[in-house]
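Letter by letter, the sequence shown follows residues 7 to 448 in the working numbering.
Ideal Cβ positions, reconstructed from N, Cα and C, are used throughout, including at glycine.
Note that the structure is predicted; figures quoted are calculated from it, not measured.
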Amino acid sequence: MPLSTIMPMPEVDAKKQTSVDTIKLQESLLKVKEFGLEGDGTSLSLSNASGIKKSTSINAALNLWKSSAKRVSDYKKGEEETIRRVLERIELVSLKRMDEGLNEFNFSLGVFNCFFIAYMFGAHPEHLWLIYLVEGVYFIPRKFRNMWNAKPLNEALYYLDFCWCMNFTGVLGIALLVVKGLLGDDGAVSSVARAAFFKALLGVSCGALMGANIILPFVAVLFHDVNTMTGLFIHLMPPMVMYTFVWHSAEIREAWPHVFHLNYFEGMTFLPRNSWFFMPGSALESVVGNSVALYLLWWIPYVCFMLLIGIDLPKKHNYDGTPANPKWDTVFHSTMRKGACVAIGKVFRKRPKSESLKHICENNFDLVDFGIYMMFHLTLAIGSFYLIGYPCFHSQHFHLGMLVLSLWLAVKRGAKRYTYYTTMMYSRTLRSEFKDVLDKKA
Numbered sequence: 007m008p009l010s011t012i013m014p015m016p017e018v019d020a021k022k023q024t025s026v027d028t029i030k031l032q033e034s035l036l037k038v039k040e041f042g043l044e045g046d047g048t049s050l051s052l053s054n055a056s057g058i059k060k061s062t063s064i065n066a067a068l069n070l071w072k073s074s075a076k077r078v079s080d081y082k083k084g085e086e087e088t089i090r091r092v093l094e095r096i097e098l099v100s101l102k103r104m105d106e107g108l109n110e111f112n113f114s115l116g117v118f119n120c121f122f123i124a125y126m127f128g129a130h131p132e133h134l135w136l137i138y139l140v141e142g143v144y145f146i147p148r149k150f151r152n153m154w155n156a157k158p159l160n161e162a163l164y165y166l167d168f169c170w171c172m173n174f175t176g177v178l179g180i181a182l183l184v185v186k187g188l189l190g191d192d193g194a195v196s197s198v199a200r201a202a203f204f205k206a207l208l209g210v211s212c213g214a215l216m217g218a219n220i221i222l223p224f225v226a227v228l229f230h231d232v233n234t235m236t237g238l239f240i241h242l243m244p245p246m247v248m249y250t251f252v253w254h255s256a257e258i259r260e261a262w263p264h265v266f267h268l269n270y271f272e273g274m275t276f277l278p279r280n281s282w283f284f285m286p287g288s289a290l291e292s293v294v295g296n297s298v299a300l301y302l303l304w305w306i307p308y309v310c311f312m313l314l315i316g317i318d319l320p321k322k323h324n325y326d327g328t329p330a331n332p333k334w335d336t337v338f339h340s341t342m343r344k345g346a347c348v349a350i351g352k353v354f355r356k357r358p359k360s361e362s363l364k365h366i367c368e369n370n371f372d373l374v375d376f377g378i379y380m381m382f383h384l385t386l387a388i389g390s391f392y393l394i395g396y397p398c399f400h401s402q403h404f405h406l407g408m409l410v411l412s413l414w415l416a417v418k419r420g421a422k423r424y425t426y427y428t429t430m431m432y433s434r435t436l437r438s439e440f441k442d443v444l445d446k447k448a
């Protein structure tokens with residue numbers, strides 16, 4: 007007897023089977039919606055899912071999953087491209103910093119040099135001028151090579167700026183005295199010339215260069231960066247050397263009798279005896295008189311050079327509107343681009359900011375801007391002789407305090423730069439690189 011007649015098989019309810027298929031399809035559609043994988047033109051609604059035949063439902067689900075898989079594949083490819091661009095940008099920034107000298111050796115050498123100078127300044131001030139001479143012979147040509155190779159504009163003309171010219175004068179003057187002393191011909195340089203040279207550099211170092219340490223934002227302690235450390239060197243070392251000459255002259259004369267006489271300290275005055283104010287070129291018996299004369303010996307030729315040649319060198323367009331293809335940059339143009347143009351336009355010329363920004367973009371500054379800039383430079387320099395140089399000459403505590411203030415500001419600027427390197431540099435670089443993507447997202 008057939009088994010079926012003994013145990014009849016239960017009949018499968020067709021409606022119940024269709025309901026099970028519909029529930030499974032609904033669950034699949036819910037998962038597709040949950041993960042946002044709906045394909046365009048292939049999505050299915052839950053409302054009509056119950057009326058779909060089994061074969062049609064399976065085909066539709068397969069098409070939906072194929073479309074979703076393609077979208078996931080495209081997303082992964084875009085994700086891989088984004089990651090690749092991020093890594094390339096980070097590596098580019100890292101290579102740039104390494105090219106600037108950010109490595110263990112340069113950093114260690116910079117730190118050691120700072121400690122060495124601090125030790126010599128405190129323990130052996132009579133030899134600090136020698137460190138200035140030796141390191142100046144290294145730093146100045148090294149930075150000149152970097153400035154010559156600078157892009158997009160050659161920065162070699164920066165060496166015509168006042169601070170650089172004063173350091174050239176100091177290094178060459180000291181080197182000349184050393185050569186004459188070693189040859190036993192120290193009498194070849196007269197006492198009058200020695201006194202005038204010393205007075206001029208004393209006022210410039212303790213006045214203008216000391217003041218530059220305070221107001222210039224790029225004077226910073228960056229141990230790894232030769233360019234920045236050279237800028238710190240030419241602004242901070244001259245006031246430190248002059249501190250040793252003024253307040254440790256006896257030790258220097260004892261250690262280097264054939265190089266430095268320093269007998270002209272007796273009776274030396276910082277200001278003219280008759281009046282604080284004088285005509286340029288006069289009052290040469292005083293420190294400030296020689297300092298003003300030395301400053302004007304730089305200021306007048308520099309103004310002439312800029313008016314005749316320099317002011318047009320970095321311009322992007324000629325007067326007739328044709329491209330100029332500039333090759334050279336100047337300190338004046340660099341300073342104007344970093345905010346001086348906007349400040350001069352706002353304070354002195356009532357010029358709209360948009361117009362000043364246009365001048366910055368084109369490197370096109372007129373003679374009025376240059377005149378205001380140079381008069382401001384003249385006023386600050388001469389004012390620093392009186393406001394900073396004079397108290398430094400008469401008070402050792404004030405002189406030392408100004409050195410400490412200058413060093414503290416330089417360290418603070420350097421710390422700010424290193425903080426930027428370690429916390430914000432990469433994020434800002436990436437935001438700039440993907441600005442178009444972020445703008446679309448917003």
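Contact between S292 and F271 is absent: CB atoms are separated by about 13 angstroms, not below the 8 angstroms threshold. The beta carbon of K149 lies closer than 7 angstroms to those of V232, N233, T236 in the same chain, with the five residues before and after it left out. In the DSSP secondary-structure assignment, W334 is bridged to N160. With contacts defined as CB atoms closer than 8 angstroms, W334 and L163 qualify as a contacting pair.
Using a C-beta cut-off of 8 angstroms, the segment 222-231 makes contact with the segment 413-422, since at least three inter-stretch Cβ pairs fall below that distance.
In the DSSP secondary-structure assignment, T429 is not bridged to any residue.
For R200, the enclosing alpha helix (DSSP H) covers residues 197-209. Look at P329 here: in three-state DSSP terms it is strand. In the DSSP assignment, P397 falls within the unbroken alpha helix (DSSP H) covering 396-400. Non-local C-beta neighbours of L386 in its own chain, meaning closer than 6 angstroms and more than five positions away in sequence, are absent. According to the DSSP assignment, M342 belongs to no alpha helix (DSSP H), since it is labelled neither H nor E. With distances taken between CA atoms, D318 lies nearest to N369 out of K359, N369, S362. In this structure, the CA atom of F284 is about 55 angstroms from the CA atom of L101.
Per the DSSP secondary-structure output, S292 pairs in a beta bridge with T275. Burial state of A181 is exposed, judged by a 10 Å Cβ sphere holding fewer than 16 other Cβ atoms. The bridge partners DSSP lists for H403 come to none. For the pair V294 and G389, the CB atoms are not nearer than the 8 angstroms cut-off. Membership of G128 in the alpha helix (DSSP H) is indicated by the continuous run 110-129.
Sequence-distant partners of K205 (beyond 5 residues in either direction) whose C-beta falls short of 6 angstroms from its own C-beta, in its chain, are V293, N296. It is roughly 14 angstroms from the alpha-carbon of M246 to the alpha-carbon of W414. Take Y249, set aside five residues on each side of it, and the residues of its chain with a beta-carbon closer than 6 angstroms to its own are H405, in chain order.
Closest option to G213, judged by alpha-carbon separation, among L300, H264, V374: L300. Spatial neighbours of A289 in its own chain (CB-CB distance under 6 angstroms, excluding positions within 5 residues in sequence) are listed in chain order as P278, G295. Annotation for H365: the continuous alpha helix (DSSP H) segment containing it runs 359-368. When S211, G107, A124 are compared, the shortest CA-CA separation from I394 is found for S211. At a Cβ-Cβ threshold of 8 angstroms, G187 and H264 count as neighbours. DSSP places H264 outside both helix and strand once states are collapsed to three, so it counts as coil. The beta-bridge partner set that DSSP reports for H323 consists of P329. The Cβ neighbour count for T336, taken over all protein chains shown within 10 Å, is at least 16; the residue is labelled buried. A distance below 8 angstroms separates the beta carbons of H323 and A330.
Annotation for L268: S255, R259 place their beta carbon closer than 6 angstroms to its own, counting only its chain and skipping 5 residues before and after. With a contact defined as Cβ atoms closer than 8 angstroms, L134 and F127 qualify at about 6 angstroms. In the same chain as P286, and ignoring 5 residues on each side of it, the C-beta atoms closer than 7 angstroms to its own belong to V298, A299, L302, in chain order. Assigned with DSSP and collapsed to three states, V225 falls in coil, not helix or strand. L238 has its alpha-carbon roughly 24 angstroms from the corresponding atom of P158.
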